[in-house]
Amino acid sequence: MGSLWRREGGAADRGPAPRRERLPWRRGAARATSFDPRRAEDDDVQAIYKGEMNRDVPVAEPGELEPVSIGPLEVWPPVVLAPMAGVTNWPFRSICREQGAGLYVSEMITARPLVEGRAKTLKLADFGPEESPRSLQLYGVDPHYVGEAVKRLVGEGHVDHIDMNFGCPVRKVTSKGGGSAIPARPLLLRDIVRAAVTNAEDVPVTIKFRMGIDDSLLTYEDAGRIGEDEGCAAVALHARTAAQLYDGEARWEAIAHLKSIVKTIPVLGNGDIWEAWDALRMMRQTGCDGVVVGRGCLGRPWLFRDLADVFEGREPQDPPRFGEVAEIALEHARRLSAWMGEEHAMRAFRRFSTWYTKGFRGSAKMRQRLMRVRTLAELEAGYRDHDPNEPFPPTAMRVARGKTAGTQKVSLPQGFLEDRLTNATPPVAAAADMHSGG
Ligand SMILES: Cc1cc2nc3c(=O)[nH]c(=O)nc-3n(C[C@H](O)[C@H](O)[C@H](O)COP(=O)(O)O)c2cc1C
3 MGSLWRREGG AADRGPAPRR ERLPWRRGAA RATSFDPRRA EDDDVQAIYK GEMNRDVPVA
63 EPGELEPVSI GPLEVWPPVV LAPMAGVTNW PFRSICREQG AGLYVSEMIT ARPLVEGRAK
123 TLKLADFGPE ESPRSLQLYG VDPHYVGEAV KRLVGEGHVD HIDMNFGCPV RKVTSKGGGS
183 AIPARPLLLR DIVRAAVTNA EDVPVTIKFR MGIDDSLLTY EDAGRIGEDE GCAAVALHAR
243 TAAQLYDGEA RWEAIAHLKS IVKTIPVLGN GDIWEAWDAL RMMRQTGCDG VVVGRGCLGR
303 PWLFRDLADV FEGREPQDPP RFGEVAEIAL EHARRLSAWM GEEHAMRAFR RFSTWYTKGF
363 RGSAKMRQRL MRVRTLAELE AGYRDHDPNE PFPPTAMRVA RGKTAGTQKV SLPQGFLEDR
423 LTNATPPVAA AADMHSGG
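Adding 2 to a residue's 1-based position in the sequence shown gives its number in this note's numbering.
Below is the structure:
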């Protein structure tokens, strides 16, 4: 079969990720119009963008925190953009990457349609021409397809890192025994991970999972041990159960506990990093080796700039005013249009517009207009019609984005938990149309 992707040079040609210089978004322009909390004499102003829980959190001391090694990749700062379905395609990754540094994971790619060469799946697995390292999240429930998918991705030099998704809590996935249900069958989990690792050659494989199904069935200790035993390069824990969905606060103590169990590979912590200081707090509290950042960067890709700052021992800059947010949003929309076509992109961009404009004055009215746009020109007009000098609303710093609150009773196939020690893939679990993520 022919190559699925064309690319200059394989993984081996590029070597480990270069440390990046800080590339702030048009910092000059921002400085001209924005206030600088560090120069302000008023303590209240200084604290305006810092959550209560972070008031006493200092930036990193020199040498206090180290890069995280994911196989041959040295990631500094130890920050990973969380895989997010429908979000972390390469236009979004490129916007985030320009702000800061770290590892930027693709949206989830399902193994079976990838192996079958379905055009839509291949498109989602696109990387930008300059993107390095190339990090892809794979979802699969059947060791055979996972192994084949990895063989293909690696054989064609398409990726430098593969993350595997075992955290999806969506009903239509778990009810078929997929996603976050898989770790409840540790032997199946082991076989899937083994299929990935043994076919990945030198490309590091990591796994990402939740704490368990619910509080009565916690699976993360087993998942961590399996990751370690099977040769994963790191494990990542979203510190909530599937029953919790995105509700309540992530339970960082579970990250600390996992760190006490998984000794030989890095443990990455995930859940509720809304401000850069949260990442430092998570690392100091839990001893984890790096952080995975999800919803906090939705509509706020400069969170990666702030993260780079605090890990380098600098106070972060003030967040951008509306005019600069609009510039970032529009550049994001342009890249999305170039990648998927203007019409499609304008529809896909609606949720991004909601996130970019969150909390700004009159944003509900502005959004009514932004939700109807059909062209980039209309989108630009919608953003340009708002006061560019409006400062970033402090209330928008910790507002949850991307998923609504609420818990669930996790739906599993009939009898699923009565036979936890089987390694068989549940027959209908290979939900090829799965697109809802984790
Ligand atoms: C819109 C959206 C899509 C997501 N899709 C995926 C996915 O495809 N794979 C995955 O492992 N997790 C997925 N997640 C979960 C995130 O990777 C992350 O674990 C979760 O949001 C918790 O981190 P946070 O508190 O920083 O947001 C998704 C989350 C959101 C909000």
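Where a beta carbon is used, it is the ideal one built from N, C-alpha and C, also for glycine. Since we're looking at a predicted model, the values are computed, not measured.
Reduced DSSP category for residue i - H, G, I as helix; E, B as strand; rest coil
| i | result |
| --- | --- |
| His-240 | strand |
| Thr-288 | helix |
| Lys-265 | coil |
| Met-166 | strand |
| Phe-351 | helix |
| Val-175 | helix |
| Ala-375 | Looking at the sequence itself, residue 375 is Val, so the reference to Ala does not match. The answer is coil: DSSP assigns Val-375 none of H, G, I, E or B. |
| Glu-230 | helix |
| Val-401 | coil |
| Lys-122 | helix |
| Pro-39 | Unreliable placement is indicated for Pro-39, whose pLDDT of 39 sits below 50; the coordinate value is still reported in the next sentence. Three-state DSSP puts Pro-39 in coil, outside helix and strand. |
| Ile-257 | helix |
| Gly-149 | helix |
| Ile-209 | strand |
| Arg-28 | Its pLDDT being 28, under 50, Arg-28 is placed unreliably by the model, and the measurement read from it follows with that caveat. Arg-28 falls in the coil class under three-state DSSP. |
| Asn-56 | helix |
| Val-312 | helix |
| Asn-91 | coil |
Range covered by the beta strand (DSSP E) that runs through residue i
| i | result |
| --- | --- |
| Tyr-141 | 137 to 141 |
| Gly-214 | 214 to 216 |
| Val-82 | 81 to 83 |
Beta-carbon proximity check, residue i vs residue j, cutoff 7 Å
| i | j | result |
| --- | --- | --- |
| Leu-309 | Ala-281 | yes |
| Ser-177 | Gly-169 | no |
| Thr-409 | Leu-305 | no |
| Gly-149 | Asn-91 | no |
| Thr-266 | Glu-230 | yes |
| Asn-391 | Leu-190 | no |
| Cys-290 | Val-269 | yes |
| Met-368 | Thr-359 | yes |
| Val-237 | Val-82 | no |
| Asp-165 | Val-107 | yes |
| Ser-137 | Leu-105 | yes |
| Pro-322 | Gln-101 | no |
| Gly-364 | Thr-397 | no |
beta-carbon residue i near ligand 1 non-hydrogen atom, thresh 6 Å
| i | result |
| --- | --- |
| Pro-85 | yes |
| Asn-167 | yes |
| Met-285 | no |
| Asn-442 | Given a span of 3 to 440 for the chain in the structure shown, any question on residue 442 remains unanswerable. |
| Met-110 | yes |
| Arg-297 | yes |
| Val-172 | no |
| Lys-210 | yes |
| Lys-405 | yes |
N-terminal and C-terminal residue of the alpha helix (DSSP H) that residue i is part of
| i | result |
| --- | --- |
| Ile-111 | Counting along the chain, Ile-111 falls outside any alpha helix (DSSP H), though it belongs to the beta strand (DSSP E) covering 105 to 112. |
| Ile-72 | Run containing Ile-72: none in the alpha helix (DSSP H); it sits in the beta strand (DSSP E), 70 to 72. |
| Leu-75 | Looking at the DSSP string, Leu-75 is not in any alpha helix (DSSP H); the run it does join, the beta strand (DSSP E), is 75 to 77. |
| Thr-406 | Counting along the chain, Thr-406 falls outside any alpha helix (DSSP H), and DSSP gives it neither H nor E. |
| Phe-394 | Per DSSP, Phe-394 belongs to no alpha helix (DSSP H) and is neither H nor E. |
Neighbour-count burial assignment, residue i, 16 or more Cβ in a 10 Å radius
| i | result |
| --- | --- |
| Arg-28 | Low local confidence applies: a pLDDT of 28 at Arg-28 is under 50, so the model's placement there is unreliable, with the coordinate-based value given in what follows. Flag for Arg-28 reads exposed. |
| Glu-420 | exposed |
| Ser-218 | exposed |
| Glu-63 | exposed |
| Gly-343 | exposed |
| Ser-355 | buried |
| Glu-277 | buried |
| Gln-416 | exposed |
| Pro-429 | exposed |
| Gln-319 | buried |
| Thr-427 | buried |
| Glu-232 | buried |
| Arg-422 | exposed |
| Thr-406 | exposed |
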